[in-house]
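Novice:
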Amino acid sequence: MTSTVESLSSVKKKISFEIPAERVSTEIDKVFGQIQKRAAIKGFRKGKVPRTLVEQNYGSMMEGDVLKNLFDETYFKALADHKIFPVSHPLIESDEVKRGAPLKYSATVEVLPEIEVKDYAGLHVKKEKFVSDDAPVEARLNEMREGMAVLKPLEEGKSAENGHFVVIDFVGSVDGIPFEGGSAESYQLELGSGRFIPGFENQLVGVKAGEQTTVAVTFPKEYGNEDLAGKQASFAVTVREIKVKELPELNDEFAMQFGEFETFDQLKAKLVELHEKQEIDRIKADLQDRLVKAL
130 MTSTVESLSS VKKKISFEIP AERVSTEIDK VFGQIQKRAA IKGFRKGKVP RTLVEQNYGS
190 MMEGDVLKNL FDETYFKALA DHKIFPVSHP LIESDEVKRG APLKYSATVE VLPEIEVKDY
250 AGLHVKKEKF VSDDAPVEAR LNEMREGMAV LKPLEEGKSA ENGHFVVIDF VGSVDGIPFE
310 GGSAESYQLE LGSGRFIPGF ENQLVGVKAG EQTTVAVTFP KEYGNEDLAG KQASFAVTVR
370 EIKVKELPEL NDEFAMQFGE FETFDQLKAK LVELHEKQEI DRIKADLQDR LVKAL
């Protein structure tokens with residue numbers, strides 16, 4: 130990976146990255162393998178979906194995961210290498226991720242202006258003390274577990290609960306007339322996620338695979354479609370499947386799926402290292418800000 134820095138102004142810097150094609154291809158293969166394991170496409174068993182179908186159905190997810198992984202790998206290292214202490218989140222601009230081609234992206238950040246202090250006698254600024262905290266690392270590990278989770282069929286005869294995923298066909302109607310955009314087949318919905326109209330998901334708690342039910346809801350008054358806002362609607366729902374999320378164990382096998390690690394301890398140590406570096410950089414940037422305000 131190579132990175133260069135361009136000063137756009139006294140308070141803004143642009144870091145440009147180029148990641149070699151070989152590294153990009155390796156990351157694409159890794160992410161593809163992770164997604165293929167949990168890809169759910171009708172007619173294929175999990176882990177057996179052809180690559181072309183995975184890329185057609187999960188292409189945007191794959192590209193997003195590849196970009197995020199390569200960003201995490203390169204961005205913070207570049208900040209350390211170039212001694213940049215951003216005071217804003219980066220504005221990312223990226224080329225399309227392509228196998229066999231290098232990836233170029235840029236991160237534009239705001240920084241504090243460099244100030245020459247000639248008279249700082251009597252200046253008092255309190256520096257925040259770094260305190261090690263496992264909570265952010267544990268939160269990141271949980272995010273990674275969620276990303277590697279697989280969905281498995283719920284035991285036959287059991288009822289759906291919040292947190293379960295239901296695969297449903299539904300047809301929505303207002304005053305008995307189906308409305309545009311109100312129907313779908315094999316739609317996968319996590320109960321309790323709040324993705325649907327208020328009240329819709331709650332009425333599917335307790336259903337079983339193979340059942341048919343009717344869900345009655347009222348569209349919010351501020352709903353985006355004015356033709357539906359504030360109106361009562363009825364959905365005829367057929368429950369095709371119910372799935373339960375299975376999270377992987379945090380062990381060596383889990384760590385090895387992220388490429389460079391052989392043990393879980395190595396993975397966790399790396400996350401601790403990254404978190405501590407981010408916190409120290411944040412404290413330094415905060416101290417600079419306090420110094421500027423105190424002048």
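When the sequence shown is numbered by my numbering, its final residue is 424 and no position is left out of the sequence of numbers.
We put the beta carbon where it would ideally sit given N, CA and C, even for glycine.
1. Can you check which of these residues, D201, V303, E330, is closest to K399 by C-alpha distance?
2. Please list, in chain order, all residues of the same chain as I148 whose beta carbon is under 7 Å from its beta carbon, the five residues on each side excluded.
3. Can the beta-carbon of L372 be found closer than 8 Å to that of L280?
4. Do L182 and I164 count as a contact pair if the criterion is CB distance below 8 Å?
5. Taking the Cβ atom as the reference point for each residue, do S363 and T343 lie within a distance shorter than 8 Å?
6. Among E405, E378, G286, D224, which one has its Cα closest to the Cα of M273?
7. Quick one: Cα of A358 to Cα of S189, how far?
8. Using a threshold of 8 Å, state whether the C-beta atoms of F329 and V303 are closer than that.
9. What is the C-beta distance between R180 and F161, in whole angstroms, given that I count them as a contact (C-beta under 8 Å)?
10. Note down, one range per segment and in chain order, each beta strand (DSSP E) of at least 3 residues found wholly within the region 195-224.
11. The beta strand (DSSP E) that contains P149, what's its start and end?
12. Under DSSP, the alpha helix (DSSP H) around F383 begins and ends at which residues?
13. Would you say V195 and I144 are within 8 Å of each other, going by their C-beta atoms?
14. Quick check on I144: does DSSP put it in helix, strand or coil?
15. Indicate the three-state DSSP secondary structure (helix, strand or coil) for G310 in the structure shown.
16. Using a Cβ-Cβ cutoff of less than 8 Å, which residues in the same chain neighbour K227 once the five nearest sequence positions on both sides are dropped?
17. Can you find the residues in the same chain that come closer than 6 Å, C-beta to C-beta, to I297, ignoring five residues on each side of it along the sequence?
18. Among the candidates E284, P242, V260, whose CA atom is the shortest distance from the CA of R419?
19. To which residues of the same chain is F325 closer than 7 Å at the C-beta, ignoring the five residues directly before and after it?
20. Quick one: what does DSSP say D298 is sitting in, helix, strand or coil?
21. Among E405, F299, F214, which has the Cα closest to the Cα of S312?
22. Which stretch, first to last residue, makes up the beta strand (DSSP E) that contains P282?
23. Is the region 399-417 in contact with the region 207-219, if contact means three or more CB pairs nearer than 8 Å?
24. Pull up the distance between the alpha-carbon of Q341 and that of A289, whole angstroms please.
25. Select from S132, P327, N331 the residue whose C-alpha is nearest the C-alpha of A236.
Specialist: Walking through what the data contain:
1. Restricting attention to D201, V303, E330, the CA atom closest to the CA of K399 is found in D201.
2. The residues are M130, L199, T203, P231, L232.
3. According to the sequence displayed, residue 372 carries Lys and not Leu. It is a contact, given that the beta carbons lie within the stated cut-off.
4. Not in contact: I164 and L182 (Cβ atoms no closer than 8 Å).
5. Cβ atoms of S363 and T343: closer than 8 Å.
6. Distance check between M273 and each of E405, E378, G286, D224 places E378 closest, using alpha-carbon atoms only.
7. Between A358 and S189, the C-alpha separation is close to 31 Å.
8. Contact flag unset, no.
9. Contact between R180 and F161 is confirmed by a C-beta separation of about 7 Å, below the 8 Å threshold.
10. If we require 3 residues or more, the beta strand (DSSP E) runs fully inside the region 195-224 come out as 220-223.
11. In this chain, P149 is not harboured by any beta strand (DSSP E), its DSSP state being neither H nor E.
12. Where F383 is concerned, the enclosing alpha helix (DSSP H) stretches over 381-385.
13. Taking 8 Å as the Cβ cut-off, V195 and I144 do not qualify as a contacting pair.
14. The DSSP-derived three-state label of I144 is strand.
15. Strand at G310.
16. Closer than 8 Å at Cβ, skipping near neighbours: V153.
17. Taking C-beta separations shorter than 6 Å and ignoring five residues to either side along the sequence, the partners of I297 in its chain run Y316, V366, V368, following chain order.
18. The residue from E284, P242, V260 with its alpha-carbon nearest to that of R419 is P242.
19. Excluding residues within five positions, the ones whose Cβ falls inside 7 Å are L318.
20. Looking at D298 - three-state DSSP - the assignment turns out to be strand.
21. Of the listed residues, the one whose Cα sits closest to S312 is F299.
22. Run containing P282: 279-282, per the beta strand (DSSP E) assignment.
23. With a cut-off of 8 Å on Cβ pairs, the region 399-417 is in contact with the region 207-219, counting three or more such pairs.
24. Approximately 13 Å, taken between the alpha carbons.
25. Out of S132, P327, N331, S132 has the C-alpha closest to the C-alpha of A236.
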